[in-house]
Each structure stands twice: as structure tokens, then as C-alpha cells.
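Have a look at the structure below before the remarks.
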């Protein structure tokens with residue numbers, strides 16, 4: 001049975017071998033190599049060198065990850081910062097406002113959440129570094145420091161930015177989808193008016209000309 005091909009943008013086992021030796025018998029450097037399947041479906045050998053075995057392997061891994069992050073078909077890469085994706089996402093929000101698919105109030109609310117809560121926590125993080133545990137810790141911190149409503153809307157903003165990153169090929173999936181949902185309770189439990197409060201309420205309506213004109217007493 002033939003071995004299945006590597007997934008697109010992935011690599012196989014890394015091999016490290018010494019380069020030609022010095023007269024002392026010690027190698028001058030090390031070469032690391034691995035087979036990498038490009039996004040055109042062709043598997044190619046990728047190489048890197050380093051003064052030590054671990055340095056060669058680390059250099060090769062960096063090259064492979066950068067190559068994998070440069071996904072075809074989008075303007076974002078996994079190595080781009082979250083702030084770059086956020087800028088593109090907000091430009092898209094502006095377009096939706098212009099088309100009447102979002103309100104200016106919604107856009108302004110998103111902008112506040114970006115500037116005050118999301119970007120301070122994620123601006124310099126590379127898209128490929130954004131994980132579910134990282135996002136969950138940020139959302140929980142916002143909930144503790146500010147409150148559940150702000151945490152919920154910040155979660156929406158982060159999810160929107162990362163959804164755009166997925167559409168542009170910088171991420172395979174949106175890590176926000178597995179973040180725990182935020183449940184909040186009203187600060188005060190609702191209750192019914194007692195009899196005295198009910199009489200006072202109807203008396204107030206009866207004495208208010210606007211309430212009388214609107215026939216709010218019935």
C-alpha cells in the first residue's frame with residue numbers, strides 16, 4: 001500500500017547530518033533537511049545549516065514554519081501580527097456600514113473594544129500564535145476587570161478578526177470557537193411591584209400630561 005502524501009503545508013521527518021570535517025575530525029557545520037509538501041501539491045526537499053546539530057534543526061524549523069505560514073490565496077500569513085488582521089477586519093466593518101449591513105453604532109462599539117481591550121492584549125501576537133487557551137485567558141481577564149458584557153463583545157471582536165484570518169488563509173480554524181461561552185446574571189433580580197408601589201406608579205402616570213395623552217394609565 002502506498003504511503004499517503006503529506007498534508008499541504010506540512011513536512012516529514014527532519015534529518016541532520018554533519019558537513020565535511022576539519023582536520024581535527026570535528027564537523028565544520030551541520031545540515032538539516034526535510035521533505036515539505038508545497039501548496040501546489042509538489043513535495044520538495046528543504047535544507048538549512050547551523051554550527052551545531054540543534055542550530056541547524058532550529059533554522060530548518062523556522063524556514064518550514066515560515067513557508068507553511070505563507071499560505072496561497074490570501075493577503076495574510078500566520079506570521080503576521082494580530083494588529084494587521086484587525087486593521088483589515090475593521091476596514092471590512094466600515095464597508096458593511098457603508099452598505100447598510102452594520103450600523104455606525106455597532107462600528108463605534110467594535111472600535112472601542114479593539115482599542116481599549118483587544119489590541120492591548122493581542123496586537124503584537126502573531127496570528128499563528130493565537131490559541132484557544134490564550135484567547136480564553138484574555139476574555140476571562142476582561143470579564144474580571146471590566147465585566148461580562150464587555151468580555152462578550154470583546155470575544156465577538158476577536159472572533160471576527162480571526163474569522164477574517166481564516167478566510168485569508170493565515171489560519172486553518174478559528175480558535176475562538178472553542179472558548180467557553182460567557183454567562184452573566186443581572187445585577188438585580190426582577191421583582192413585581194407591591195400594592196403601594198403599584199398605586200404610586202398609576203398615580204404618577206395620571207398626573208403626567210404626556211402619559212395621559214399616550215393613554216398609559218390603562
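Residue numbers (full-length UniProt numbering): 1 to 218.
Every residue gets a Cβ at the ideal spot worked out from N, C-alpha and C, and that includes glycine.
Have a look at residue i and residue j and give me their C-alpha separation to the nearest angstrom.
i, j, result
"residue 57", "residue 124", "26 angstroms"
"residue 146", "residue 162", "23 angstroms"
"residue 53", "residue 104", "56 angstroms"
"residue 15", "residue 61", "11 angstroms"
"residue 99", "residue 109", "18 angstroms"
"residue 126", "residue 78", "7 angstroms"
"residue 38", "residue 8", "6 angstroms"
"residue 84", "residue 4", "36 angstroms"
"residue 41", "residue 10", "11 angstroms"
"residue 173", "residue 90", "20 angstroms"
"residue 30", "residue 19", "5 angstroms"
"residue 207", "residue 102", "41 angstroms"
"residue 209", "residue 216", "10 angstroms"
"residue 136", "residue 65", "25 angstroms"
"residue 171", "residue 134", "15 angstroms"
"residue 63", "residue 190", "59 angstroms"
"residue 176", "residue 106", "20 angstroms"
"residue 156", "residue 97", "17 angstroms"
"residue 55", "residue 43", "24 angstroms"
"residue 154", "residue 112", "9 angstroms"
Per DSSP, residue i is paired with what?
i, result
"residue 83", "DSSP lists no partner for residue 83."
"residue 32", "16 and 48"
"residue 68", "Note: residue 68 sits in no beta bridge, so no partner."
"residue 3", "Paired residues: none, contrary to the question."
"residue 175", "Looking at the DSSP assignment, residue 175 forms no beta bridge with any residue, so it has no partner."
"residue 209", "In DSSP, residue 209 forms no bridge with anything."
Determine the contact status of residue i and residue j, defining contact as a CB-CB distance below 8 angstroms.
i, j, result
"residue 12", "residue 34", "yes"
"residue 277", "residue 182", "Residue 277 is absent from the model: the chain starts at 1 and stops at 218."
"residue 158", "residue 151", "no"
"residue 130", "residue 202", "no"
"residue 88", "residue 164", "yes"
"residue 132", "residue 178", "yes"
"residue 76", "residue 160", "no"
"residue 211", "residue 205", "yes"
"residue 59", "residue 32", "yes"
If you measure from the CB of residue i, is any heavy atom of the ligand MG nearer than 7 angstroms?
i, result
"residue 61", "The ligand MG is not among the ligands present in this structure, which contains no ligands whatsoever."
With 8 angstroms set as the bound, which would you pick, yes or no: does the beta-carbon of residue i sit closer than that to a beta-carbon of chain B?
i, result
"residue 161", "Protein chain content of the structure displayed is limited to a single chain, and chain B is not contained in it."
Spell out a yes or no on whether the region 118-135 and the region 37-48 are touching, meaning 3 or more CB-CB pairs, one atom from each, closer than 8 angstroms. No: the two stretches stay apart, fewer than three of their Cβ pairs being nearer than 8 angstroms.
Tell me the start and end of each unbroken beta strand (DSSP E) in the UniProt domain "Core-binding (CB)" (80-166) that is at least 3 residues and wholly inside, in chain order. None, since the UniProt domain "Core-binding (CB)" (80-166) contains no complete beta strand (DSSP E) of that length.
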